[in-house]
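Trainee:
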Amino acid sequence: MSDTVLVVGAGPTGLSAAAGVASIGKKVVLVEKEDVLGGAPILSGYAKLVPSGEWAKDAIGRMIKRVEDNANVTIHKSTRVVKVDGEAGNFTATLSNGQTVNAGSIILGTGFTHFDSINKPEWGFGTYEDVLTTTQMEQMVGAGKITCPSNGRVPERVAILLCVGSRDRQIGREWCSKICCTVSTNLAMEIKELSPSTEVFIYYMDIRTFGLYEDKFYWKSQEEFKTKFVKARIAEVTRSPDGRLLVKGEDTLVKRPIVIPMDIVVHAIGMDPNEDNPEISKVFGIGLEKHGFVDRGEQYTSSFSSTRRGIYVGGSALGPEDIDTSISHGLAMAMRAVGDMNALVQKAA
Amino acid sequence: MAIHEKTLIDPSKVLTSDHLVVDGVDVSGHWNTMILPRTLREYDDKFEDHIKQYSGAENVHRCWQCGSCTNSCTMYAQNTDFNPRYWIYLVRLGLADEILKDKDIIWQCVSCNKCTNICPKDVRPEGVMKALAHWIESEGHGEKSRSTVFDEEFARQCLARGRIEDSEVMTNFFKDTQQDIKEMALNGWLGIFVARMNKWTELRKGNIFRFLTRTPIMHSLHMGWSMFFKPKTKSWGRTGEVLSQYVKEQKELAHG
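Protein chains in written order, with numbering that gives the first Met the number 0: chain A, 0 to 348; chain B, 0 to 255.
1) Kindly indicate if chain A contains any beta-carbon less than 8 Å away from that of Glu41 (chain B).
2) Is Lys97 (chain B) close to chain A, meaning its C-beta is less than 8 Å from at least one C-beta of that chain?
3) For Thr300 (chain A), count neighbouring C-beta atoms within 10 Å of its own C-beta (all shown protein chains included) and say buried if the count is 16 or more, exposed if not.
4) Name the chain A residues whose beta carbon is nearer than 7 Å to that of Leu158 (chain B)?
5) Mind listing the chain A neighbours of Ser147 (chain B)? Cutoff is C-beta to C-beta under 9 Å, in chain order.
6) Report the three-state DSSP secondary structure of Lys129 (chain B) (helix, strand or coil).
7) So, does the CB of Arg232 (chain A) fall closer than 8 Å to a CB anywhere in chain B?
8) Report the rounded CA-to-CA distance for Leu14 (chain B) versus Thr237 (chain A), giving the unit in angstroms.
9) Alpha carbon to alpha carbon, what distance is there between Leu343 (chain A) and Gly38 (chain A)?
10) Note the first and the last residue of the continuous alpha helix (DSSP H) segment covering Glu167 (chain B).
11) Mind listing the chain A neighbours of Thr238 (chain B)? Cutoff is C-beta to C-beta under 8 Å, in chain order.
12) Express the C-alpha separation of Ser71 (chain B) and Pro124 (chain B) in angstroms, rounding to a whole number.
13) Could you tell me the alpha carbon to alpha carbon distance between Ser1 (chain A) and Pro40 (chain A), rounded to whole angstroms?
14) Please identify the residue among B:Asp103, B:Met128 and B:Met169 whose C-alpha is closest to the C-alpha of Gly141 (chain B).
15) Between which residues of its own chain and Asp34 (chain A) is the CB-CB distance below 7 Å, once the five residues before and five after are set aside?
16) Using C-beta distances below 6 Å, list every residue in its chain close to Ala87 (chain A), excluding the 5 sequence neighbours before and after it, in chain order.
17) Would Gln64 (chain B) pass as an interface residue toward chain A - the criterion being a Cβ-Cβ separation below 8 Å?
18) State whether the stretch 123-132 of chain A contacts the stretch 243-256 of chain A, with contact taken as three or more CB pairs (one from each stretch) at a distance under 8 Å.
19) Check this for me: beta carbons of Phe367 (chain A) and Ala316 (chain A), under 8 Å apart or not?
20) At the 8 Å Cβ level, is Leu252 (chain A) part of the contact set with chain B, yes or no?
21) Have a look at Ser225 (chain B) and Trp188 (chain B) and give me their C-alpha separation to the nearest angstrom.
22) Between the C-alpha atoms of Met0 (chain B) and Pro10 (chain B), what's the straight-line distance to the nearest angstrom?
23) Out of A:Leu5, A:Glu121, A:Val20 and A:Thr12, point me to the one whose CA is closest to Met334 (chain A)'s CA.
24) Could you say which of B:Ile98, B:Gly66, B:Asp101 and B:Asp165 lies nearest to Cys118 (chain B) if we only look at CA atoms?
25) Using a 10 Å radius around the Cβ and a threshold of 16 neighbouring Cβ atoms, would you call Gly28 (chain B) buried or exposed?
26) Buried or exposed for Pro272 (chain A), going by 16 or more other Cβ atoms inside 10 Å?
27) Do Ile263 (chain A) and Val337 (chain A) come within 8 Å of each other at the CB atom, strictly closer than that value?
28) CB Ala95 (chain B) to CB Phe46 (chain B), shorter than 8 Å?
29) When you compare the stretch 177-191 of chain B with the stretch 128-136 of chain B, are there three or more beta-carbon pairs, one atom per stretch, that lie closer than 8 Å?
30) At 7 Å on the CB atoms, spell out the chain A contacts of Asp324 (chain B), in chain order.
31) Output, in chain order, the set of chain A residues within a Cβ distance shorter than 7 Å of Arg155 (chain B).
32) Using a cut-off of 8 Å between C-beta atoms, extract the partners of Tyr88 (chain B) located in chain A.
33) Note down, in chain order, every chain B residue with its Cβ under 9 Å from the Cβ of Glu222 (chain A).
34) Apart from the five residues on each side of it in sequence, which residues of its chain come closer than 8 Å, Cβ to Cβ, to Gly24 (chain A)?
35) Would you list the one or two residues that DSSP bridges to Lys367 (chain A)?
36) Chain A partners of Arg37 (chain B), CB-CB under 8 Å?
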């Protein structure tokens, strides 16, 4: 009977789970495929996080430090799990660095992959330099200066297109990515803060800033930062002879076609299932749901269970998720993992 | 010619020609109808701030287009072209030309304030309607209303002399609004109005005193006199000039 928990993925979910398990006095082995910890917020260079407004590198940085400084946690970077044998209470995981880990339970915080805008070529990403994704725009905010990549001018107008890679049967993404509306309204405020002369337009089908994000982000962005919301799903982004971008679509509220000049177009990219999920599914022997995210087991009395006993899954591996919720998933999974091991110990005794 | 979704077509965008020759081919007749594209190609980014300077429109940027205002609107129930939600959207994006297409109905808002009471974002749509009507008039996008013509004549006399002269206000008002006084007196309401003041019957009955006291003889004479010798408020002096300057400055402060 092992009292070690294997945590896979060192993003907000995994870091939270690792710290949780360690705080109860159990051993943690944390495996991360990249050479840095922190997951998407660090790897993609997010700017200020929703809803705290703290810079990602500070907030997630503290989570990393908490785990790194904990003697109960062993960290393997640039490492993958390649094989899992055994059963709940007694798994043997083989790592890509050749080591093996004996673990009582396994926690998956394997996360998501950002939608690749190349898959919507009509919106100009990869064709025009001034078409960016939300993550690229966050990096620009992080660098502290808003300019058009093509020639360095300050943009008069920025258009943010929502639902890029979400709610789109054409490209097999039928889900709402949940966080992009809030991220975009937050980004609009950050752009306006750095570049007050820039007008920000958000092209939307619906605005889904759930819960308290409604007034703290959507309303604030509209009322205090004068973001303009236009109800149109853009059909095409092209370039006019003067070098500016043209967004083309139908404004459904004026029932008229629009072709409006913009200086920067930002794709509010959605959350895809982790591109490694087919491999993860095979290695851990767990099922995926119909969109390709990790499938749940019984939800009500065995929360965060995957379809294999003793393996738990949470955060954005289950579907589009925000950072705060992912962190609480991590803690909940720590509870499940340790609780189940205790139950097995009691049963054996 | 079959045109689908006719409601979407602005009549000013329909081109027809009785006689038209294209590349030497005679295409005269109704089937040469062409419709100019109705694509919107630009927003006026400054327009919303401009409208917000008119009193009532301060919160227009809060609108999220739920449509509660239009749903609750008294005027919308009469005429579905009266759509506050739509005009607020046009203000936000700076589509002034689209608003001006409705300049002949925007003023019809009856200020019942149902919209303002129901608005979940406290946009105060009733105020926006007022601001728009004000904008249309004050920037010369529509004809001046008769009440504005009256107000202007009234104010002009006040500033010039510190008081008004009733007959002058009325005659100038009728003149400025192209109403023919002679015609109204002979065949219109003015004639009927004056006839009702006629106390001729009293004279016929022999009630001379009553006739004299009830006929506005002196008043008429006074009015006639004042048309030529215009009275001024005592020691009016430069007061009118100073007031005019103040009003001008306040206007500039409010509307830039």
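The beta carbon of each residue, even a glycine, is placed where N, CA and C say it ideally should be. Here the structure is a predicted model, which is why all the values come from computation and not from measurement.
Mentor: Let me spell this out:
1) So yes, Glu41 (chain B) belongs to the interface.
2) What sits at residue 97 (chain B) in the sequence shown is Glu, not Lys. It does: the Cβ of Glu97 (chain B) has a partner Cβ on chain A nearer than 8 Å.
3) Exposed, because fewer than 16 other Cβ atoms sit within 10 Å of the Cβ of Thr300 (chain A).
4) Simply none; closest approach about 39 Å.
5) For clarity, residue 147 (chain B) is Thr in the given sequence; the question names Ser instead. Residues of chain A with a Cβ closer than 9 Å to the Cβ of Thr147 (chain B) do not exist; the shortest Cβ-Cβ separation is about 30 Å.
6) In the three-state reduction of the DSSP assignment, Lys129 (chain B) falls in the helix class, which pools H, G and I.
7) Chain B places no beta carbon closer than 8 Å to that of Arg232 (chain A), leaving this residue out of the contacts.
8) Take the alpha-carbon of Leu14 (chain B) and the one of Thr237 (chain A): they are about 29 Å apart.
9) Taken atom to atom, the span from the alpha-carbon of Gly38 (chain A) to that of Leu343 (chain A) is near 32 Å.
10) Looking at the DSSP string, the run of the alpha helix (DSSP H) that includes Glu167 (chain B) is Asp165 to Asp175.
11) Those do not exist, as Thr238 (chain B) stays about 43 Å from chain A at its closest Cβ, beyond 8 Å.
12) Their backbone Cα atoms lie some 11 Å apart in a straight line.
13) In this model, Ser1 (chain A) and Pro40 (chain A) are separated by some 32 Å (Cα to Cα).
14) When B:Asp103, B:Met128 and B:Met169 are compared, the shortest CA-CA separation from Gly141 (chain B) is found for B:Asp103.
15) Leaving aside the five residues that flank Asp34 (chain A) on each side, the residues in its chain whose CB is nearer than 7 Å to its CB run, in chain order, Lys76 and Ser77.
16) These residues qualify, in order along the chain: Arg308 and Gly309.
17) For Gln64 (chain B), the closest Cβ of chain A is nearer than 8 Å.
18) Remark: three or more beta-carbon pairs, one from each stretch, lie closer than 8 Å, so the stretch 123-132 of chain A and the stretch 243-256 of chain A are flagged as touching.
19) In the structure as shown, chain A starts at 0 and stops at 348, and residue 367 (chain A) therefore has no counterpart that could be examined.
20) With respect to chain B, the C-beta atom of Leu252 (chain A) has a partner C-beta closer than 8 Å.
21) Each residue's alpha carbon lies about 24 Å from the other.
22) Low confidence applies here, because Met0 (chain B) scores a pLDDT of 48, under 50, leaving its location unreliable and the question unanswered by this model.
23) For Met334 (chain A), the closest C-alpha among the options A:Leu5, A:Glu121, A:Val20 and A:Thr12 is that of A:Val20.
24) Looking at the Cα atoms, B:Gly66 is the closest of the given residues.
25) Result: exposed.
26) Buried.
27) Not in contact: Val337 (chain A) and Ile263 (chain A) (Cβ atoms no closer than 8 Å).
28) With contacts defined as CB atoms closer than 8 Å, Ala95 (chain B) and Phe46 (chain B) qualify as a contacting pair.
29) The stretch 177-191 of chain B and the stretch 128-136 of chain B do not touch, with fewer than 3 CB-CB distances between them shorter than 8 Å.
30) There is simply no residue 324 (chain B) to check, as chain B begins at 0 and stops at 255 in what is shown.
31) Within 7 Å Cβ-Cβ: nothing; Arg155 (chain B) doesn't reach chain A, min ~40 Å.
32) Ordered by position in chain A, the residues that pass the 8 Å Cβ test against Tyr88 (chain B) are Leu252 and Val253.
33) Within chain B, the residues Asn58, His60, Arg61 and Lys120 have their CB atoms less than 9 Å from the CB of Glu222 (chain A), given in chain order.
34) Non-local beta-carbon contacts of Gly24 (chain A) in its own chain, meaning distances under 8 Å to residues more than five positions away in sequence, involve Asn71 in chain order.
35) Because residue 367 (chain A) is not part of the residues shown, which for chain A are 0 to 348, the question remains open.
36) Within chain A, the residues near Arg37 (chain B) are Arg255 and Pro256.
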